[in-house]
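Numbering (the UniProt record's numbering), first residue to last: 1 to 262. For glycine and all other residues, C-beta sits at the position ideal for the given N, C-alpha and C. Below is one structure, written out as structure tokens; comments come after it.
Here you go:
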């Protein structure tokens, strides 16, 4: 589990609830019709904007934010160096028989293309299409949450307007104006809270995950081309390490652990 994401949301909720308790009573901030307007309206508008399959994929991705940790690009660099070493000893066809521990489909495809004797241009085109397709899919999911962050405050304002209309219809009883105004403002509170504590942070986290995933794919891509051109392991390590900040780079193992292979 990604403890940073989970802890961040819990901390935000705890601070807001704590501030409410200090300044008043928690039940004053509960309004079921307002919640229905904000959440229901946001989801409805999202379904209008995007295809159902994309929205469902986005909700699954939201769970992914809390469930998975980022992969270490050093592991992928190490894997590509080991593959390079293997091909120099056993030939390019050897990597077509390897099974990988994490079941990486992109790496499997790259190895198959090399083992099948594909031309460099064909490998470049095939892998580039995969990378661009992944970027587009992830951008759609991120855009869904950014749009939801736009919709929720808007529906919060709609709920506030509904509450104000209901309040103005009861002006004959001045004692009800204050409580009615408070209830009317709650929907705006719900909308802003959802946008800034849930939807925008999830979109930001998914963007970070996308960048990490793209780095992994680019590492495989550059490694595959280098292996095809019979680059030596040390040069390959130096080349692929450029994807990783210098302070986070792992020294090259001279023996190769093979831990990423079955």
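*Secondary structure of residue 50, DSSP reduced to three states*: Coil.
*What residue from 148, 84, 133 and 129 has the CA that sits closest to residue 43's CA?*
Shortest Cα-Cα distance from residue 43 to any of 148, 84, 133 and 129 involves 148.
*residue 141 and residue 58: beta carbons closer than 8 Å?*
Using a Cβ distance threshold of 8 Å, residue 141 and residue 58 count as a contacting pair.
_Pairwise C-alpha distance: residue 160 and residue 71_ = A straight-line Cα-Cα distance of about 44 Å links residue 71 and residue 160.
*asked:* Restricting to Cα atoms, I'd like to know which of 107, 202, 108 and 164 is closest to residue 139.
replied: Distances from the CA of residue 139 to each of 107, 202, 108 and 164 were compared; the closest alpha carbon is that of 202.
*Starting from residue 76 and walking both ways along the alpha helix (DSSP H), at which residues does that stretch end?*
From DSSP, the alpha helix (DSSP H) with residue 76 extends over 73-90.
*Excluding the 5 residues preceding and the 5 following residue 176 in the sequence, name in chain order all residues of the same chain whose CB lies nearer than 7 Å to its CB.*
Hits under 7 Å: 170.
*With distances taken from CA atoms, which of 243, 8 and 186 is nearest residue 20?*
Minimum Cα distance to residue 20 is reached at 186.
_Cβ separation of residue 12 and residue 151, assumed to be a contact under 8 Å, to the nearest whole Å_ = Taking the Cβ atoms as the reference, residue 12 lies roughly 20 Å from residue 151, outside the contact range of under 8 Å.
*Going by the beta-carbon positions, is the gap between residue 134 and residue 123 smaller than 8 Å?*
Residue 134 places its beta carbon 8 Å or farther from that of residue 123.
*Length-filtered (3 minimum) beta strand (DSSP E) runs lying within the segment 183-249*: Runs of the beta strand (DSSP E) inside the segment 183-249: none found.
_If I follow the unbroken alpha helix (DSSP H) through residue 143, where does it start and stop?_
Counting along the chain, the alpha helix (DSSP H) containing residue 143 begins and ends at 120-168.
*For residue 223 versus residue 211, is the C-beta distance shorter than 8 Å?*
For residue 223 and residue 211, no; Cβs fall outside 8 Å.
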